[in-house]
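Step one of this worksheet: look at the structure below.
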Amino acid sequence: MSTFKSNFRKAEILKIVDEKVLDIVEKGLDYASEKLDREYDEKIYYGLALHMQGSIERIRNGNRIYHPKLNYIKSKFKDEFMIAMDIAKVIEDKFGVDVTLDEIGYITMFLKPSGSDSNKDIEKNVGVLVIMHGKSTATSMVEVANTLIGEEYVEALDMPLTMKAEVMLERVKKKVIEINQGKGVIILADMGSLVNFGDILKEETGIDIRTIDMVSTITAIEVGRKALCGRDIDSIYRSCRNINIYSDRENKTKRVKKELAIVTTCFTGEGSAERLRSVIEEKIYIKDKVRVIPIDIMDKERFLNNMEELKKDYTIVAIVGTVNMYFEGVPFISAVEVFTEEGINRLNSLVSEEIQYINVSDSLKSQIKGIDSYMLVEEIKTILSTIEASLNVNISADVKLGIVMHICFLIDKLKSGGLETPFIGLIEYKNEKIKEFTIIKGAFKRIEMEYNISIGDNEIGHIVRMVLNNKQ
């Protein structure tokens, strides 16, 4: 008897997956588990079932599918590919269809070890190096950036004013060679001769090097985050080279209120993703307020670029799929959860929260002058998410909404020349919570730059206390 029949919930998925398909999935995973001495969890069970149902329908409709990494999958996961071929043979016999090698490649991806990501196996990350004039200017900036990123990833080299350029060039060369993982290095420089080092070293070393000048803490954070997410050097350079210029311009440009979207994903963007869309559209109770958009996750870089494009027009509430692609700032809900009341309730809750933010932005339009309320609320939400991750805390939705409103009115007050609200016992509290002060102060640097304000320690103290007193 199949272990999957007794262990996994079937009632919900049987509403959209043929029982014969589910039977093949159960027996196929049992077979793979025995042959590979590997256990498969409920997420794989649901994911493969959804994928297989979509594949059979696609084949019957005469729609062929292409697997862009088929040769890599065949060579990297030989045993899994052979088992996938056996499963494909059962599908052919049961349903009278021809299963291509490309389809078998997709089945293989469900059978491979959970810890092995084909994208990660292929791709390394872009190196990031900050170089600046001064005894500790670069080091201090990188310390803040890495704290907010949550990992010691960005590297720093300081150039004392007494150091000769050729000596610094040699130091940078050694560091670039050291941190290059085969995907290139982005140098963030402040000014002068340091800005030209990238071009010189690219010629000398053959390493793909890009340079971004007028470096700021915000730039270091953004470049570091994108590098850690596996973005390629071109996309990081394109999106980050004009951050400071863009921030100024963006502050003067009205932002249209964004629609809400839930993204559903699968390897192809067709089978499982489409079925998840149907389930969500059927079950979510505020469907008229949100659009569900299916996209593929076969190529990580394309997925990330697609998400960045979607973010321009939509507030992305959640990603729902069989594989967590870890897109920063967007919650992931597994396909398994969506087939339970818990997952749908979570989606409804997330959509409701975003609607509250939209209502707050609508209300603030008439209360804060010369500021785009939609843009400001969105920026503060992002900052609070960064703070939560950096401090490893969770803030409830209601409290977070209150903090967003507080900061909106604070920025309006400071822009109008208002004074800080004193924080009683500031020095003692700051000494006690120095880490939290540093992280939260750093997180608001971009806001200060965009709105030409300075958020002093008194106001930072109030925000620190709000966050810490209301963490879950």
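Position 127 (the sequence shown) corresponds to 127 in full-length UniProt numbering; numbering is contiguous. Glycine included, every Cβ here is placed at the ideal spot set by N, Cα and C. As the structure is a prediction and not an experimental result, all values here were calculated from the model.
Helix, strand or coil for residue i per DSSP?
i	result
S396	coil
V290	strand
K471	strand
F327	coil
S361	helix
I284	coil
R64	coil
M141	helix
A189	strand
I131	strand
R38	coil
I344	helix
S334	strand
I455	coil
D296	strand
E151	coil
F197	helix
F409	helix
E57	helix
L29	helix
Q356	helix
E431	According to the sequence displayed, residue 431 carries Asn and not Glu. The answer is helix: DSSP assigns N431 an H, G or I state.
A220	helix
I16	coil
S278	helix
T205	helix
I463	helix
In its own chain, which residues sit with a C-beta less than 8 Å from the C-beta of residue i, not counting the 5 before and 5 after it?
i	result
K381	Y357, K400, V404
S247	Bear in mind that a pLDDT of 45 at S247, under 50, signals an unreliable position, so the number given afterwards is only what the model happens to contain. Excluding sequence neighbours, S247 sits near I218, R446, M449, E450.
A335	K43, Y46, G47, L50, S272, L276, V320, G321, T322
G134	D158, M159, P160, L161
Y106	H51, S55, I65, H67, F267, T268
D37	none
S278	I16
V176	G127, L129, V185, I187, L201, T205, I207, I209
I460	F437, I440, K441, F444
L148	I221, T386, S390, I439, G442, A443
Kindly examine the ligand PLP and report whether one of its heavy atoms sits closer than 7 Å to the Cβ of residue i.
i	result
I297	Among the components modelled here there is no ligand, and therefore nothing to report on the ligand PLP.
In terms of residue numbering, what span does the beta strand (DSSP E) encompassing residue i cover?
i	result
E155	155-159
Y314	314-321
C266	259-266
T211	209-212
Between the options, which lies nearest to residue i when the distance is taken from Cα to Cα?
i	options	result
Q53	E103, V185, L169	E103
residue 502	Q472, V126, S235	Missing from the structure shown is residue 502; the chain here goes from 1 to 472 and no further.
Q472	L426, I297, I395, V144	I395
K69	G442, D93, D299, A32	D299
I236	K173, G184, I200	G184
F303	Y326, R291, L419	Y326
L169	N458, G329, G198, E328	G198
Y374	N359, S385, T386, G62	N359
residue 475	E459, A32, G402, K413	Because the chain spans 1 through 472 in this model, residue 475 falls outside it and cannot be assessed.
G442	K35, K415, I387, E378	I387
S454	Q181, S416, E270	S416
G28	A88, D18, R60, E309	A88
K433	D398, K369, V464, N452	V464
L364	F409, I344, E270	F409
Could you check how far apart the C-beta atoms of residue i and residue j are, in whole angstroms? I think they sit under 8 Å.
i	j	result
A138	L111	That pair is no contact at about 46 Å.
L338	I286	The sequence shown places Val at residue 338, not Leu. Between I286 and V338 the Cβ distance is about 16 Å, and since that is not below 8 Å, they are no contact.
V167	D190	In fact, because the Cβ distance is near 17 Å, the residues do not count as touching under 8 Å.
I195	D208	Before going further, note that residue 195 is Val rather than Ile in the sequence given. The Cβ separation is near 17 Å, so there is no contact.
S239	K226	7 Å
I355	S390	Not quite, the Cβ-Cβ distance comes to about 27 Å (not below 8 Å), so this is no contact.
V90	I24	6 Å
S361	V377	5 Å
L347	I284	6 Å
I131	V172	6 Å
Report all residues from its chain with a CB closer than 6 Å to the CB of residue i; omit the five preceding and five following residues, and keep chain order.
i	result
I56	F95
T108	I73, F77, E80, F81, A84
Y153	G224, L228
A261	R291, I293, Y314, I316
I407	I380
A32	I83, L111
So the alpha helix (DSSP H) residue i belongs to, where does it begin and stop?
i	result
R238	233-240
residue 479	The question about residue 479 has no answer here: the residues shown for the chain are numbered 1 through 472.
S390	373-391
R105	Residue identity differs from the one stated: residue 105 is Gly in this sequence, not Arg. G105 -> alpha helix (DSSP H) spans 101-111.
L169	165-179
N71	70-76
E436	434-443
Whose C-beta lies closer than 7 Å to the C-beta of residue i among residues of the same chain, with five residues either side of it excluded?
i	result
A145	V154, T217, A220, I221, G224
N458	E420, T421, P422, F423, L426
A11	none
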